[in-house]
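J.: Heads up, the sequence shown is in my numbering, so the first residue is 18 and it goes up one at a time.
Pasting a structure here, questions to come.
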Amino acid sequence: MASIHFVTRGGVQEMDILIANLQSQLFKWPRTNLNVCECGQHKNLHGTDQIPCKEFKGRVEDFEVQGKLRPIQFWEYTVPVESVPEVMFYLKIKGTGDQVHDEFLKKVAWPYRKMIGLKPLPKYDEKKLIIQKRLIHTDFISLYGLGVKYDDIKDFPQWGYRQEGI
Ligand SMILES: [Zn+2]
Numbered sequence: 018m019a020s021i022h023f024v025t026r027g028g029v030q031e032m033d034i035l036i037a038n039l040q041s042q043l044f045k046w047p048r049t050n051l052n053v054c055e056c057g058q059h060k061n062l063h064g065t066d067q068i069p070c071k072e073f074k075g076r077v078e079d080f081e082v083q084g085k086l087r088p089i090q091f092w093e094y095t096v097p098v099e100s101v102p103e104v105m106f107y108l109k110i111k112g113t114g115d116q117v118h119d120e121f122l123k124k125v126a127w128p129y130r131k132m133i134g135l136k137p138l139p140k141y142d143e144k145k146l147i148i149q150k151r152l153i154h155t156d157f158i159s160l161y162g163l164g165v166k167y168d169d170i171k172d173f174p175q176w177g178y179r180q181e182g183i
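Next up, the structure:
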């Protein structure tokens, strides 16, 4: 298979239609049968007196395959600083970059991390986490922890609180 890479910018509703269209397309996929000849006979019969065709040549058969649409996306998930380890736990991220051994993601992700000036994701002790009962689906998704950006904790007199910026 060949992967076509592209970048998009568009309204959400147009993007939804593009995504639905792309992921519903079927494509002709030719494969050469290693056991059945163009003449229709099995490979093992060639070179015997049982069939006239002497030279085996694999039969090309057309299959159908669905185009696989895989967005490569950068995400930012803003939560209180105290909840960072919990989110990492649910996303199965142990620390910066160590969750999935996906060489492709690693290559595209690290320049982004440097560009944005992210700090490394903290190490945490799973046993010390207070686990909420959240359901966060991460199966079949390569998820690569990039880093974290912290806001300053300061006084916000207009709200009457000292807190993180939001
Ligand atoms: Zn043949």
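A virtual CB, placed ideally from N, CA and C, is assigned to each residue, including glycine.
Fair warning: this is a prediction, and the values are worked out from it, not measured in the lab.
1) Expressed to the nearest angstrom, what Euclidean distance is found between the alpha-carbon atoms of D156 and K109?
2) Kindly list the residues whose CB is nearer than 8 Å to the CB of F80, restricted to its own chain and excluding five residues on each side of it in sequence; keep chain order.
3) Would you identify the three-state DSSP class for L43, choosing helix, strand or coil?
4) From Q67 to N50, what distance separates their C-alpha atoms?
5) Does K166 come out as helix, strand or coil in the three-state DSSP assignment?
6) According to DSSP, simplified to helix, strand and coil, what is F91?
7) Assuming K166 and R179 make a contact with CB atoms under 8 Å, what is their CB distance in whole Å?
8) Have a look at R87 and S41 and give me their C-alpha separation to the nearest angstrom.
9) Since Q180 sits in a beta bridge, which residues does DSSP pair it with?
10) Are the CB atoms of P139 and V101 within a distance shorter than 9 Å?
11) Within its chain, find whatever has a CB closer than 6 Å to the CB of V96; leave out the 5 residues flanking it on each side and keep chain order.
T.: The short version:
1) In the sequence shown, residue 156 corresponds to position 139, counting from 1. In the sequence shown, residue 109 corresponds to position 92, counting from 1. If I take the Cα positions, the gap works out to 10 Å.
2) Position 63 of the sequence shown, counted from the first residue, corresponds to residue 80. Exclusion of the five residues before and after F80 leaves K45, W46, P47, R48 as the residues of its chain whose Cβ lies within less than 8 Å of its Cβ.
3) The residue given as residue 43 occupies position 26 in the sequence shown. Judged by DSSP in its simplified three-state form, L43 adopts strand.
4) Against the sequence shown, residue 67 aligns to sequence position 50. Against the sequence shown, residue 50 aligns to sequence position 33. For the pair Q67 and N50, the Cα-to-Cα distance works out to about 21 Å.
5) Counted from its first residue, the sequence shown places residue 166 at position 149. Coil.
6) What you label residue 91 is simply residue 74 of the sequence shown in a count that begins at 1. F91 falls in the coil class under three-state DSSP.
7) Residue numbering aside, residue 166 sits at position 149 when the sequence shown is read from its first letter. Residue numbering aside, residue 179 sits at position 162 when the sequence shown is read from its first letter. Taking 8 Å as the upper bound for CB-CB distance, K166 and R179 are not in contact here, some 20 Å apart.
8) Counted from its first residue, the sequence shown places residue 87 at position 70. Counted from its first residue, the sequence shown places residue 41 at position 24. R87 and S41: Cα-Cα distance of roughly 13 Å.
9) Counting from one through the sequence shown, the residue named residue 180 turns up at place 163. Partner(s): K171.
10) Within the sequence shown, numbered from 1, the residue matching residue 101 stands at position 84. Within the sequence shown, numbered from 1, the residue matching residue 139 stands at position 122. Going by C-beta atoms, V101 is nearer than 9 Å to P139.
11) Taking the first residue of the sequence shown as 1, we reach residue 96 at position 79. A distance below 6 Å between beta-carbons, with the five flanking residues on each side excluded, links V96 to the following residues of its chain, in chain order: V104.
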